[in-house]
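Residue numbers (my numbering): 40 to 218.
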């Protein structure tokens with residue numbers, strides 16, 4: 040019996056394929072409300088700046104996340120000179136008794152572009168508590184145009200670990216709309 044099959048029998052975890060990982064990632068983007076956003080520090084010798092941020096899949100559920108950032112904050116300042124960003128998303132850790140490192144997680148890479156009023160309203164519908172901050176703090180909505188996705192399904196010997204093609208991920212458009 041191959042080693043991977045033994046892992047499946049012992050742990051009961053499915054070994055997701057590349058396509059299944061793309062589907063799981065789309066579902067997690069549609070259902071998640073926050074992730075860890077990374078942008079390149081502006082004019083410093085430091086690497087990326089990463090912080091917990093709210094995000095939303097857009098209204099059409101295209102898979103391109105929307106983030107809501109203050110223009111004067113670190114991410115907003117960083118984006119003025121470099122629009123590249125990453126967004127780390129992980130599975131809800133409260134489900135199951137599995138160890139923390141055996142939960143699905145992935146990083147979306149891309150460029151953040153200023154979003155539209157429609158995208159802002161979509162974001163605010165998913166995060167209504169943020170609506171009161173909008174005008175008082177100079178927030179701007181950004182849409183992440185994806186360039187790369189890296190998936191870690193859990194432990195590498197029991198789950199898919201590797202790239203997900205952006206085209207496979209985006210082809211699942213409108214499948215996972217969450218109300």
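C-beta atoms are modelled at their ideal positions from N, C-alpha and C, and glycine is treated no differently.
A quick note: this is a predicted structure, and the numbers were derived from the prediction, not measured.
| said: Our contact map puts residue 105 next to residue 90 with C-beta atoms below 8 Å; I'd like the distance itself, whole angstroms only. | reply: Rounded, the Cβ-Cβ distance is 16 Å, inconsistent with contact.
| Backbone CA spacing between residue 170 and residue 198 [nearest angstrom] | Residue 170 and residue 198: Cα-Cα distance of roughly 39 Å.
| As assigned by DSSP and simplified to three states, the class of residue 63 | If DSSP states are grouped into helix, strand and coil, residue 63 belongs with the helices.
| query | To which residues of the same chain is residue 50 closer than 7 Å at the C-beta, ignoring the five residues directly before and after it? | reply | The pLDDT assigned to residue 50 is 48, lower than 50, so where the model puts this residue is not dependable, and the model offers no usable value.
| To which residues of the same chain is residue 8 closer than 6 Å at the C-beta, ignoring the five residues directly before and after it? | Given that the chain is displayed from residue 40 to residue 218, the structure contains no residue 8 and the question cannot be resolved.
| task | With distances taken Cα to Cα, identify the nearest neighbour of residue 130 among 72, 205, 173, 207. | result | For the set 72, 205, 173, 207, the Cα lying nearest the Cα of residue 130 is the one of 72.
| task | Please say whether residue 113 and residue 150 have beta carbons closer to each other than 8 Å? | result | In this structure, residue 150 lies away from residue 113, with their beta-carbon atoms at least 8 Å apart.
| request: Leaving aside the five residues before and after residue 118 along the sequence, list all residues of the same chain whose C-beta is less than 7 Å from its C-beta, in chain order. | output: Here the set comprises 78, 151.
| Cβ-based neighbour list, residue 81, same chain, cut-off 6 Å, excluding 5 preceding and 5 following | So the list reads 116, 117, 120, once near-sequence residues are dropped.
| field | Inter-residue spacing [alpha-carbon to alpha-carbon] between residue 167 and residue 177 | value | Taking the straight line from one Cα to the other gives about 17 Å.
| With 16 as the cutoff for other CB atoms within 10 Å, does residue 100 come out buried or exposed? | Flag for residue 100 reads buried.
| field | Cβ pair residue 141, residue 75 closer than 8 Å | value | Result no, Cβ atoms of residue 141 and residue 75 do not sit closer than 8 Å.
| field | Nearest neighbour of residue 187, chosen from 56, 64, 55 [CA to CA] | value | Checking every option, the nearest Cα to that of residue 187 belongs to 64.
| Can you tell which of 86, 62, 179, 92 has its C-alpha closest to the C-alpha of residue 160? | The candidate whose alpha carbon is nearest that of residue 160 is 179.
| residue 46 versus residue 69: straight-line alpha-carbon distance, rounded | Any reading at residue 46 needs caution, since the residue's pLDDT is 42, under 50, leaving its predicted position unreliable; the model's value is listed next. Rounded to whole angstroms, the separation of the alpha carbons of residue 69 and residue 46 is 30 Å.
| field | Residues bridged to residue 146 [DSSP beta-bridge criterion] | value | In DSSP, residue 146 forms a bridge with 127, 189.
| said: Assuming residue 160 is part of the beta strand (DSSP E), what are its boundary residues? | reply: No beta strand (DSSP E) holds residue 160; the alpha helix (DSSP H) holding it covers 156-165.
| With residue 191 and residue 144 assumed to form a contact (beta carbons below 8 Å), what rounded beta-carbon distance in angstroms separates them? | Going by Cβ atoms, the distance from residue 191 to residue 144 rounds to 5 Å, so yes, they are a contact pair.
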